[in-house]
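K.L.:
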Amino acid sequence: MKLSFLPKDMDWTCELCRQKLQPGFVELHYAGNVFKVELPVCPQCSRVLIPEELAVGRILEVEQLLEDK
Amino acid sequence: MEQKDLREWEARCIQEEPPACKAGCPLGVDARGFVLAVKDGNPVGARAILEKNMPLAGIVARMCEAPCEQYCLRAICGGSIAIGALECLCVEAVPPRGKPLRLPPRPKKVAVIGAGPSSLIVAFDLAKKGYPVSLFHLQDGPGSWLRNIPETILPGEVLAEELERLARLGVLYRRVEALDESPWAEGDFDAFYIGQDDRLAEDLLVGLGLPDVVTFSLGKSGWFTGGLSAEDDEYRFITDVSQGREAAVSIDRFLQGASLTAARVALRHGKTDLYTPLENIQFVERLVPRAANYTEDEAKREAARCLDCQCLECVKSCVYLKEFGAYPKTYARRVYNNSAIVKGSHSANKFINSCSLCGQCEIICPNDFSMADLCLDARRTMVKEDRMPGSAHWFALEEMRSARTEAAVVRHAHGRQSSSSLFFPGCQLAGIRPDQTLRLYEYLQELEPATGLWLDCCGAPGHWAGEEKEFAVIIRDLEQIWLDMGEPLLLVACSTCLKMFREFLPRITLASVWTVLAERPPKSAKPGVTKVLSDPCTSRHDQKTQAAVRTLLEAIGQPLSPLKNSGELTECCGFGGLMESANPDLAKKVTKARVEQTDREMLTYCAMCRDQLARTGKPVSHVLDLLFADTSHGATEPSVTLSARRINRRQLKNTVLESYAVGQSIPAAQWEGLALHFEDSVSAMLEERRILEDDIRKVLYQTKQEGSSLVHGEDGSRIASAKLGQVTFWVQYKEDNDLFTIQRCWSHRMTVVGGTV
Ligand code: SF4
Ligand code: SF4
Ligand SMILES: [Zn+2]
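In order, the protein sequence lines correspond to chains F and Z. Sequential numbering of the first sequence, starting at 147, is according to this note's numbering. Sequential numbering of the second sequence, starting at 19, is according to this note's numbering.
(1) Just to be sure I understand the criterion: a residue counts if its Cβ is closer than 6 Å to at least one heavy atom of ligand 3. Which residues meet that?
(2) Since residue 131 (chain Z) sits in a beta bridge, which residues does DSSP pair it with?
(3) Beta carbon of residue 319 (chain Z): closer than 7 Å to some heavy atom of ligand 1?
(4) What residue range is occupied by the uninterrupted alpha helix (DSSP H) comprising residue 201 (chain Z)?
(5) For residue 99 (chain Z), verify whether its CB is less than 7 Å away from any heavy atom of ligand 1.
(6) Could you give the uninterrupted runs of the beta strand (DSSP E) lying entirely in the segment 533–602 of chain Z, keeping only those of 3 residues or more?
(7) Assign residue 566 (chain Z) to buried or exposed, taking buried as 16 or more other Cβ atoms, counted over all protein chains shown, within 10 Å of its Cβ.
(8) With 7 Å as the limit, tell me which residues of the segment 384–404 of chain Z have their beta carbon closer than that to any beta carbon of chain F; keep them in chain order.
(9) With a threshold of 7 Å (Cβ to nearest heavy atom), would residue 327 (chain Z) be considered close to ligand 1?
(10) Of all the residues that make up the segment 709–737 of chain Z, which are near chain F by a beta-carbon distance shorter than 8 Å?
(11) Quick one, which of Z:733, Z:411 and Z:468 has its alpha-carbon nearest residue 435 (chain Z)'s?
(12) Select from the segment 480–502 of chain Z all residues with a C-beta closer than 8 Å to any C-beta belonging to chain F, and list them in chain order.
(13) One question on the structure: do residue 240 (chain Z) and residue 206 (chain Z) come within less than 8 Å of each other, judged by their Cβ atoms?
(14) In whole angstroms, what separates the C-alpha of residue 623 (chain Z) from that of residue 317 (chain Z)?
(15) Using only the heavy atoms of ligand 1, determine whether one of them is closer than 7 Å to the beta carbon of residue 12 (chain Z).
(16) Shorter than 7 Å, the distance from the beta carbon of residue 92 (chain Z) to the closest heavy atom of ligand 1, or not?
(17) Kindly list the residues whose CB is nearer than 7 Å to the CB of residue 57 (chain Z), restricted to its own chain and excluding five residues on each side of it in sequence; keep chain order.
(18) Does the beta-carbon distance from residue 523 (chain Z) to residue 551 (chain Z) come in below 8 Å?
(19) Let me check one thing: in DSSP terms, what residues is residue 738 (chain Z) bridge-paired to?
(20) Could you tell me the alpha carbon to alpha carbon distance between residue 585 (chain Z) and residue 517 (chain Z), rounded to whole angstroms?
(21) Answer with buried or exposed for residue 166 (chain Z), where buried requires no fewer than 16 other C-beta atoms within 10 angstroms of its C-beta.
(22) For residue 739 (chain Z), which option in Z:45, Z:553 and Z:715 has the closest C-alpha, if you only look at C-alpha atoms?
(23) In the DSSP output, what is residue 186 (chain F) paired with across the bridge?
(24) How many Å lie between residue 80 (chain Z) and residue 245 (chain Z) at the Cα?
(25) Leaving aside the five residues before and after residue 260 (chain Z) along the sequence, list all residues of the same chain whose C-beta is less than 8 Å from its C-beta, in chain order.
(26) Spell out a yes or no on whether the segment 130–147 of chain Z and the segment 186–204 of chain Z are touching, meaning 3 or more CB-CB pairs, one atom from each, closer than 8 Å.
(27) Within the 8 Å Cβ cut-off, does residue 173 (chain F) reach chain Z?
(28) Between residue 203 (chain F) and residue 185 (chain F), is the Cβ-Cβ spacing less than 8 Å?
(29) How far does the beta strand (DSSP E) with residue 389 (chain Z) in it extend, from its first residue to its last?
(30) Could you check whether the Cβ of residue 308 (chain Z) sits closer than 7 Å to any heavy atom belonging to ligand 1?
(31) For residue 622 (chain Z), which residues does DSSP report across the bridge?
(32) With 16 as the cutoff for other CB atoms within 10 Å, does residue 301 (chain Z) come out buried or exposed?
(33) Does the Cβ of residue 53 (chain Z) lie closer than 7 Å to at least one heavy atom of ligand 1?
(34) Assuming contact is defined by CB atoms lying nearer than 8 Å, are residue 279 (chain Z) and residue 233 (chain Z) in contact in what I supplied?
(35) Measure the alpha-carbon distance for residue 75 (chain Z) versus residue 31 (chain Z) and round it to whole angstroms.
(36) Would you list, in sequence order, the uninterrupted beta strand (DSSP E) runs of no fewer than 3 residues that lie entirely inside the segment 232–320 of chain Z?
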């Protein structure tokens, strides 16, 4: 899995912390596998944004690959 | 699946059995493949097919009397294919394919005494295998009686060429005065072949005795013979050639010290288990060439008469079986390999989960091959071994669980302490047509006032998904509910539920509502325009219900037009077996293929079939639309969305509860109250991505409670997300005065852990 999935539009703010999301590292887990990827993250509470294109694109693909492994 | 199970499955599908022509060829030439190559204008390919099984094709193709033609199935409709003449033309038109391959030399030597056709074949077959062969012939040269064949049939030049090819394979020609025992006296050979289709010396023949009819071995160890046909035998040439081939097989086995008979396949003489349907075949007469031989064009036309004998009966009728490009025999292998594999991709998972388990193939197949049994068994194994893809049946199983909990209720009729009958509409009718569910219940109560109502799911999705444990619990639970209700007669509306109850709860006394309605059709029934009736696939073996529906429709005056695959042969709407869940694209194709079988409006008695078929834009009615005018839905009414089905079921339960006592209904959860708004395109997105309004409301509610949305810096859009069960949902929306306008929704199954900048 390619490591960076930062969307073009990074203009998102965490409502709780009033902090702008910043590039950060996140672990994605599935079927016993772990991927470390770069995504927009709230610097204070670690809330993550999984953009739509990523969810319905690469993530879905990898999920299906892992399910058939 | 064990190896022996695989063998059993494979043996059931006879698609790989040889066609009659091939089974009728003593050399096992793939005549079907050959003829079809000629038809396709591929003479080079055709010759290659010949040479695969035919030794010295230049001679054999010209001389063979084509016994295969006796068995050709085309015979009954215009005469057998002129396989012999086509072969002849082919070898005339296409030169041989270079030098035949020869295996590495072996030490043991073979003497072939005599040089008739059978001897040439023995020499050819054994030389190819690497044995040094000496061929003993008389003064006039090898070939024996072949040398006297008219030029028009076997040109001397061709014979010379083929003999030359034999020499290039390493066959040593030895000219002798007489074909007698002298080669044996040389003491240099390990095996002998006596070709009786040549002028042998008397003293060699005397005392030779008769050979074994299968192995062509003689009493003397290492001695074999053949070429025994009488001169006037109709199939003299090919019989001798065949004997040569069989003797060569024996000699090879003998020289390797192997058994001459073990696992030896006998000649089939045209016998085969391949099933070829012969109805609807047009009569086309065998093409007589204008000159002595076919022209290339004539050959193509003659070859085009070939029926391409195949079974594939099940495949022709099933979109799913076609989709994966093969037939059940190979599919059984795929399923087996899929479970045998330890490392690497389980590439057949999707295949296994795509079958609608509808059972049509089993009816069609001459050997009752059931893909449903094969796939269901494989699914159960996958679940047991914990390698069922989590996403494959997730949605359908969640539907089932919801229908069995938040939407389930069972009650005796108002004011009664017992039920003589209990109406079980099934979760799909309840979700898709809640109004009609109640209307039908009302009518059943008119017929029998002590009729209770049971909203629930029969557990079919669990069964189809291979979730044996969960399904077993459901079955026990259903049985207990029925017992607690006093063991009433269960009136079931859904064909799937009927099937499940019959199979897994045989104790329960059952009747199909349709048989009840057939006896007492409601007065309000009104027929519509002529329609075709599509039986649900789960009614396949339920002739009684199928007949009852027809009786009912006749009684109310509904005109029907026939549909090809009906009754026992009926087809799946695309939902069955959870095909829809595991392979939505294929399900769409299945649905489309079904509605395309008629130009008329369709009619069905399964709510799921109705909505599935109607999704294509086809006008489809449910029989209930005809029965009760006051709750009738139009044939072109759009299908109910997944979201609405969920909500409908809950509401139906509440309506039922309320009807017993005001205030009895389950209070709505707080998230249920959120007001949503979306464009049609967003609704379509939800449907496609299997995201429910329920999910959206839950996510928004939770996010709102926590104040944990993400807010866009410019346009004020927000994103909310929450993990509900196995899936994380995301919603992009705008909020205005407590109205949530939904812009986008997506989901994933991966879980997010941590997050550090
Ligand atoms: S019709 Fe074609 S495939 Fe069938 S037996 Fe005849 S030649 Fe063979
Ligand atoms: S109907 Fe299908 S499964 Fe049965 S023998 Fe023919 S190809 Fe095989
Ligand atoms: Zn934060």
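Beta carbons: idealized from backbone N, C-alpha and C, even for Gly.
P.N.:
Reading from the atomic positions:
(1) That query returns the following residues: F:160, F:162, F:163, F:165, F:188, F:190, F:191 and F:193.
(2) Note: residue 131 (chain Z) sits in a beta bridge opposite Z:154 and Z:212.
(3) False, no ligand heavy atom lies under 7 Å from that Cβ.
(4) Per DSSP, residue 201 (chain Z) is one residue of the alpha helix (DSSP H) stretching across 200–203.
(5) The answer is yes for residue 99 (chain Z).
(6) 549–552, all fully within the segment 533–602 of chain Z.
(7) Under the 10 Å beta carbon count, residue 566 (chain Z) is surrounded by 16 or more other beta carbons and is classified as buried.
(8) Those would be none; no residue qualifies.
(9) Correct: residue 327 (chain Z) has its Cβ closer than 7 Å to ligand 1.
(10) Answer in chain order: 724, 725, 726, 727, 728, 729, 730, 731, 732, 736 and 737.
(11) The residue with the shortest Cα to Cα distance from residue 435 (chain Z) is Z:468.
(12) Within the segment 480–502 of chain Z, no residue has a Cβ lying closer than 8 Å to any Cβ of chain F.
(13) No. Outside cutoff.
(14) Whole-angstrom Cα-Cα distance: 53 Å.
(15) Outside the modelled stretch of chain Z, which goes from 19 to 775, sits residue 12 (chain Z), for which no answer is possible.
(16) For ligand 1, at least one heavy atom lies less than 7 Å from the Cβ of residue 92 (chain Z).
(17) Excluding positions up to five away in sequence, the list reads 318, 321, 322 and 324.
(18) Cβ distance not < 8 Å, so residue 523 (chain Z) and residue 551 (chain Z) don't count as in contact.
(19) DSSP, once it has assigned bridges, lists Z:749 as partnering residue 738 (chain Z).
(20) Roughly 15 Å between the two C-alpha positions.
(21) By the beta-carbon neighbour count (other beta carbons within 10 angstroms, threshold 16), residue 166 (chain Z) is exposed.
(22) The residue with the shortest Cα to Cα distance from residue 739 (chain Z) is Z:715.
(23) Bridge partners of residue 186 (chain F) according to DSSP: F:169.
(24) Here the alpha carbon of residue 80 (chain Z) sits roughly 18 Å from the alpha carbon of residue 245 (chain Z).
(25) Cβ neighbours of residue 260 (chain Z) beyond the five flanking positions: 44, 45 and 285.
(26) The segment 130–147 of chain Z is in contact with the segment 186–204 of chain Z.
(27) Residue contact check for residue 173 (chain F) against chain Z: a CB pair falls below 8 Å.
(28) Cβ atoms of residue 203 (chain F) and residue 185 (chain F): not closer than 8 Å.
(29) From DSSP, residue 389 (chain Z) is part of no beta strand (DSSP E) but of the alpha helix (DSSP H) over 389–402.
(30) The answer is no for residue 308 (chain Z).
(31) Under DSSP, the beta-bridge partners assigned to residue 622 (chain Z) are Z:552 and Z:640.
(32) When all chains shown are included, residue 301 (chain Z) counts as exposed.
(33) It does: the Cβ of residue 53 (chain Z) is within 7 Å (strictly closer) of some heavy atom of ligand 1.
(34) A contact, by the Cβ cut-off of 8 Å.
(35) So the alpha carbons of these two residues sit roughly 33 Å apart.
(36) As for any beta strand (DSSP E) of minimum length 3 sitting wholly inside the segment 232–320 of chain Z, the runs are 241–244, ordered along the chain.
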